[in-house]
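Down below is the structure, laid out as structure tokens.
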Amino acid sequence: KLCEEILNILEKDTKTSCQVACLEALRILSRDKTVLVPVTTKRNMQILMRLAKLDTVEDPLEKVSEFPVIVEALKCLCNIVFNSAVAQKLSLELNLAAMLCNLLKKCKDQQLVGDIKCFDLRLLFLLSLLHTDIRSQLRQELQGVQILTQALESSLNVRWTEEYKAAEDRDRPPLSLQETDCAIEALKALFNVTLDSWNVHSKNESHQFRYMAAILRHCLLTMGPTEDKTEELH
14 KLCEEILNIL EKDTKTSCQV ACLEALRILS RDKTVLVPVT TKRNMQILMR
64 LAKLDTVEDP LEKVSEFPVI VEALKCLCNI VFNSAVAQKL SLELNLAAML
114 CNLLKKCKDQ QLVGDIKCFD LRLLFLLSLL HTDIRSQLRQ ELQGVQILTQ
164 ALESSLNVRW TEEYKAAEDR DRPPLSLQET DCAIEALKAL FNVTLDSWNV
214 HSKNESHQFR YMAAILRHCL LTMGPTEDKT EELH
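The opening position of the sequence shown corresponds to residue 14 in our numbering, with each subsequent residue numbered one higher.
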């Protein structure tokens, strides 16, 4: 009942501070599988997707004041998808992966969107891990390999000297914690999406995998903010 009441409040046009507080509460509650039954409906998933700005194809991410709401809604969706088989099925029906890819494109070259990007990538990782149809959709329909590789390239701050050769700067500073976390989530999602890619059939696929290999090499030469984070990244 508490989850339902929270979602009823979130469905209304309430203040940003109220939305964030409600989403934080829902995120904590959604860690418990036993309370997820009322949450995992099409209506409730759509409420969270709207708050995460996943239902707006064209609108850019402009209002910085809304960013905490987007992040908390994505965190809630991560918990719900991870803990509920019903939510995983609804994700395919609601075309959640396509909306996440679109949001990820909006994050490109944007300031102050690191947390949005990170939890977008985490949700793509979970969907590609838990639902084989979404994994196939990402690979075949949504240009998932390209989108995720670009997200990884951006997180690692790759600079190019040749088409498939990244610049090597031994004196560059370590990645920030946020950059490292984004890179790790992108790598996990990429692993799932390319898991069945034993045969590369087209010239474009060949280019994409050579491009990815160059970024992965750069990743192995990149340091995180701590020894543990560097190990996790590698």
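In this text, a Cβ means the ideal position worked out from N, Cα and C, and glycines have one as well.
In this text, all values refer to a predicted model and were calculated from it rather than measured experimentally.
Do you know whose CA, among Leu117, Glu245 and Ile129, lies nearest threonine 193's CA?
-> Here residue 193 is taken as the residue at index 180 of the sequence shown, counted from 1. Of the candidates Leu117, Glu245 and Ile129, the one whose C-alpha sits nearest the C-alpha of threonine 193 is Glu245.
Thinking just about the alpha-carbon of each residue, which of Arg63, Glu175, Leu136 and Thr54 is nearest to the one in lysine 201?
-> Taking the first residue of the sequence shown as 1, we reach residue 201 at position 188. Of the listed residues, the one whose Cα sits closest to lysine 201 is Leu136.
Under 8 Å between the Cβ atoms of methionine 112 and aspartate 68?
-> Here the question's residue 112 lines up with position 99 in the sequence shown. Here the question's residue 68 lines up with position 55 in the sequence shown. It is a contact, given that the beta carbons lie within the stated cut-off.
Rounded C-alpha distance that separates glutamate 106 from proline 186 | Stepping through the sequence shown from its first residue, residue 106 is reached at position 93. Stepping through the sequence shown from its first residue, residue 186 is reached at position 173. In a straight line, the C-alpha of glutamate 106 is about 43 Å away from that of proline 186.
Tell whether a beta-carbon distance below 8 Å holds between leucine 42 and cysteine 16.
-> On the sequence shown, residue 42 is found 29 positions in, with the first residue counted as 1. On the sequence shown, residue 16 is found 3 positions in, with the first residue counted as 1. Contact flag set, yes.
Hey, could you find the ends of the alpha helix (DSSP H) threonine 235 is sitting in?
-> Taking the first residue of the sequence shown as 1, we reach residue 235 at position 222. Note, threonine 235: premise wrong, no alpha helix (DSSP H); not H, not E.
With 16 as the cutoff for other CB atoms within 10 Å, does serine 30 come out buried or exposed?
-> Taking the sequence shown and counting its residues from 1, the one referred to as residue 30 is at position 17. Of the other Cβ atoms in all chains shown, fewer than 16 fall within 10 Å of the Cβ of serine 30; this residue is therefore exposed.
Threonine 162 burial status per 10 Å Cβ neighbour count (16 or more: buried) = As a working note, residue 162 is residue 149 in the sequence shown. Threonine 162 sits buried, since 16 or more C-beta atoms from the chains shown fall within 10 Å of its C-beta.
Measuring CA to CA, which of Gln101, Arg183, Tyr224 and Asp72 is closest to glutamate 175?
-> Working through the sequence shown from its first residue, we reach residue 175 at position 162. Cα-wise, what sits closest to glutamate 175 is Tyr224.
Spell out a yes or no on whether the segment 71–80 and the segment 92–104 are touching, meaning 3 or more CB-CB pairs, one atom from each, closer than 8 Å.
-> Three or more beta-carbon pairs separated by less than 8 Å are not found between the segment 71–80 and the segment 92–104, which leaves the two stretches without contact.
Under the three-state DSSP convention, the category threonine 174 falls into | As a working mapping, residue 174 is identified with position 161 in the sequence shown. Strand, per DSSP.
Which value, in whole angstroms, describes the spacing of the CA atoms of isoleucine 228 and asparagine 21?
-> Taking the sequence shown and counting its residues from 1, the one referred to as residue 228 is at position 215. Taking the sequence shown and counting its residues from 1, the one referred to as residue 21 is at position 8. Those two C-alpha atoms are separated by around 44 Å.
Considering glutamine 191, what are the terminal residues of the alpha helix (DSSP H) in which it resides?
-> As a working mapping, residue 191 is identified with position 178 in the sequence shown. Looking at the DSSP string, the run of the alpha helix (DSSP H) that includes glutamine 191 is 190–206.
Assign alanine 180 to one of three DSSP states: helix, strand, or coil.
-> Taking the sequence shown and counting its residues from 1, the one referred to as residue 180 is at position 167. Coil, per DSSP.
Got a sec, what are the start and stop residues for the alpha helix (DSSP H) threonine 27 sits in?
-> Numbered from 1 along the sequence shown, position 14 holds the residue referred to as residue 27. Per DSSP, threonine 27 belongs to no alpha helix (DSSP H) and is neither H nor E.
C-alpha distance - leucine 190 paired with threonine 207, whole-angstrom precision | Position 177 of the sequence shown, counting from 1, holds the residue named residue 190. Position 194 of the sequence shown, counting from 1, holds the residue named residue 207. Rounded to the nearest whole angstrom, the C-alpha separation of leucine 190 and threonine 207 is 26 Å.
What first and last residue would you give for the alpha helix (DSSP H) that runs through arginine 152?
-> Here the question's residue 152 lines up with position 139 in the sequence shown. Boundaries of the alpha helix (DSSP H) harbouring arginine 152: 145–153, taken from the DSSP string.
According to the Cβ coordinates, are arginine 40 and cysteine 89 closer than 8 Å?
-> Indexing the sequence shown from 1 puts residue 40 at position 27. Indexing the sequence shown from 1 puts residue 89 at position 76. Judged by beta-carbon spacing, cysteine 89 lies within the 8 Å limit of arginine 40, meaning their Cβ atoms are closer than that value.
Test item: CB-CB of cysteine 91 and leucine 139 under 8 Å = If you number the sequence shown from 1, residue 91 lands on position 78. If you number the sequence shown from 1, residue 139 lands on position 126. Yes, the pair counts as a contact, with Cβ atoms nearer than the cut-off.
What's the call for alanine 180, buried or exposed, on a 16-neighbour Cβ count within 10 Å?
-> Within the sequence shown, residue 180 is the residue found at index 167, counting from 1. In the assembly as shown, alanine 180 is an exposed residue. Its beta-carbon has fewer than 16 other beta-carbons within 10 Å.
Distance, Cα to Cα, alanine 100 vs threonine 54?
-> Stepping through the sequence shown from its first residue, residue 100 is reached at position 87. Stepping through the sequence shown from its first residue, residue 54 is reached at position 41. Each residue's Cα considered, the two are about 8 Å apart.
Over the uninterrupted alpha helix (DSSP H) stretch that includes proline 81, give me the two end residues.
-> As a first step, residue 81 is located in the sequence shown; it is residue number 68 there, counting from the start. Proline 81 -> alpha helix (DSSP H) spans 80–96.
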